[in-house]
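S.K.:
In the UniProt record's numbering, the protein residues as written are 1 to 159.
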């Protein structure tokens with residue numbers, strides 16, 4: 001199995017080539033997963049990494065929970081980079097700032113504090129507290145702006 005539990009009070013309960021290096025971190029299964037942060041966890045999947053304190057990856061492939069208390073639930077190539085940020089699933093989604101979130105879809109980005117993208121493709125929520133519900137290639141840049149869906153819409157606060 002070649003699993004390693006090198007962190008103090010850490011555990012690896014199954015799978016192959018998994019590593020729990022953070023203090024009280026755990027990897028439940030899968031392959032080539034790493035729980036690096038203190039109190040971090042990876043439940044399964046492959047090549048997933050929980051880097052910081054309290055971060056978690058539930059499954060999927062090549063997902064990264066990079067910041068403290070960040071999480072990725074599933075999918076592939078997703079990244080939760082802000083504190084308390086989350087990516088629920090999909091492909092190549094990023095939640096980059098504190099409390100930002102992407103629920104699913106592909107290549108969506110929540111790039112500011114409390115920004116969110118619910119789904120769709122190539123959507124960006126760039127302004128603080130803004131949201132994009134879905135659609136394709138939508139861009140919410142103004143603070144508190146919202147785009148419900150559609151294609152190629154922009155919501156910007158320019159006065």
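Glycine residues also receive a C-beta, built at the ideal position from the N, C-alpha and C atoms.
#1: Can you have a look at residue 33 and say buried or exposed, based on whether 16 or more other CB atoms are within 10 angstroms of its CB?
#2: Only counting the same chain, and skipping five residues up and downstream in sequence, which positions put a Cβ closer than 7 Å to that of residue 5?
#3: Out of 113, 56 and 119, state which residue places its alpha-carbon closest to the alpha-carbon of residue 141.
#4: Put residue 17 into one of helix, strand or coil per three-state DSSP.
#5: List the DSSP bridge partners of residue 49.
#6: DSSP three-state call for residue 94: helix, strand or coil?
#7: Closest to residue 126 by CA distance: which of 116, 62 and 49 is it?
#8: Using only CA atoms, which one of 51, 131, 62 and 61 lies nearest to residue 70?
#9: By how many angstroms is the C-alpha of residue 156 removed from the C-alpha of residue 76?
#10: With which residues is residue 139 paired in a DSSP beta bridge?
M.R.: Walking through what the data contain:
#1: Along the chain shown, read from residue 1 onward, the residue named residue 33 stands at position 33. It is buried - the Cβ of residue 33 has at least 16 other Cβ atoms within 10 Å.
#2: To locate residue 5, count along the chain shown from 1; it is residue 5. When the five nearest sequence neighbours on each side are left out, the beta carbons in the same chain lying within less than 7 Å of the beta carbon of residue 5 are those of 11, 12 and 20, in order along the chain.
#3: Within the chain shown, numbered from 1, the residue matching residue 141 stands at position 141. It is 113 whose Cα lies nearest to the Cα of residue 141.
#4: Taking the first residue of the chain shown as 1, we reach residue 17 at position 17. Residue state, collapsed to three classes: coil.
#5: Looking up residue 49 in the chain shown gives position 49. DSSP links residue 49 through a beta bridge to 34 and 64.
#6: For this step, residue 94 is matched to residue 94 along the chain shown. Strand, per DSSP.
#7: As a working mapping, residue 126 is identified with position 126 in the chain shown. Minimum Cα distance to residue 126 is reached at 116.
#8: To locate residue 70, count along the chain shown from 1; it is residue 70. For residue 70, the nearest C-alpha among the options comes from 51.
#9: Numbered from 1 along the chain shown, position 76 holds the residue referred to as residue 76. Numbered from 1 along the chain shown, position 156 holds the residue referred to as residue 156. For residue 76 and residue 156, the distance between alpha carbons rounds to 30 Å.
#10: Within the chain shown, residue 139 is the residue found at index 139, counting from 1. 124 and 154.
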